[in-house]
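Numbering (mature numbering (1 follows the signal peptide of the UniProt record, and there is no 0)), first residue to last: -17 to -1, 1 to 278.
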């Protein structure tokens, strides 16, 4: 996935360089110079105009990322792409948000949240998802490389808060907590729809940009690689996991859970039956030996 992203980025960089235009916040764009000092940038995959002064929505970014994957997949699978719940070609609203229902080319559909994460069982084209449920809490868990320097809790928290505010334009009120227990770091972001104004970046977009940065596949232009510094010392983050919590619980049915419980019950029953059988055999052997001794 990272190699395909680099390949796409190189192509777009060449195209934009010819016009001397770049989009600072999105490398998956093609930019043209309308007039001196004025560039218009459109996103690959949707040809939507991009506001390069802020983050691009996660839905549109995923759509752009699917271009090289679709081309590669079509070489061996001309009738459709592979169905999975992590990487897919999403349907986006005019605003750039995810549509509540997502489907692949095999007419398999599922419901997602505002972060594009599946929150229901898969169904066919008749599946109804209703409203787009908001992801209101995001937990980002990370580890950093061992260092000869000792970082204090407050210094790490302040450095990461500054990074979220300056690089990703996230307002401080949405950064609920940053905790540090070397080498583990956890960031908690909270954003209710009622708190979010039009110019605010969405925490789902921030988490996506940040995760791409840590994994070395930054969405930002090539000259904006991630660098985290704590009191002048580099903090090298090497592992990251992102957890999404919605305003409403997910809608997975109990069939899968029931099947799993049934399998566990079956295994336990077989184990219990085998144990009883062993005990009976051992008891029979002991009785048989005792009777022989009497003879």
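Here a beta-carbon is modelled for each residue, glycine too, at the ideal position from N, C-alpha and C.
None of these values were measured; they are calculated from a predicted model.
Please list the terminal residues of the continuous alpha helix (DSSP H) segment that includes residue 70.
It is not in any alpha helix (DSSP H) - residue 70 carries neither H nor E in the DSSP assignment.
Pull up the distance between the alpha-carbon of residue 65 and that of residue 132, whole angstroms please.
Residue placement at residue 65 is flagged as unreliable, the pLDDT there being 37, under the threshold of 50; the coordinate-derived value follows with that caveat. Looking at the two C-alpha atoms, the distance is approximately 46 Å.
With a cut-off of 8 Å on the beta carbons, I'd call residue 115 and residue 91 a contact; round off their distance for me.
Rounded, the Cβ-Cβ distance is 19 Å, inconsistent with contact.
Three-state secondary structure (DSSP) of residue 240:
The predicted position of residue 240 is uncertain, since its pLDDT is 47 and thus under 50; no value can be drawn from it.
At what residues does the beta strand (DSSP E) containing residue 167 begin and finish?
167 to 173
Rounded straight-line distance, which links the Cα of residue 148 to that of residue 155:
7 Å
May I ask you to list the residues that DSSP assigns as paired with residue 25?
13, 32
Determine the DSSP secondary structure at residue 46, reduced to helix, strand or coil.
helix
Mind checking residue 41: buried by the 16 CB within 10 Å criterion, or exposed?
buried
Got a sec? Which residues, its chain only, sit under 7 Å from residue 219 by beta carbon, not counting five neighbours each side?
127, 128
If you reduce the DSSP assignment to three classes, tell me which class residue 185 lands in.
coil
Distance, residue 78 Cα to residue 23 Cα
In a straight line, the C-alpha of residue 23 is about 18 Å away from that of residue 78.
Using DSSP bridges, identify the partner residues of residue 224.
124
So which of 193, 213, 26 has the shortest CA-CA distance to residue 163?
The option with the nearest alpha carbon to residue 163 is 213.
Between the Cα of residue 100 and the Cα atoms of 262, 227, 106, 200, which residue gives the shortest distance?
In terms of Cα proximity to residue 100, the closest of 262, 227, 106, 200 is 227.
What number of angstroms, rounded off, separates the C-alpha of residue 94 from the C-alpha of residue 39?
In this structure, the CA atom of residue 94 is about 22 Å from the CA atom of residue 39.
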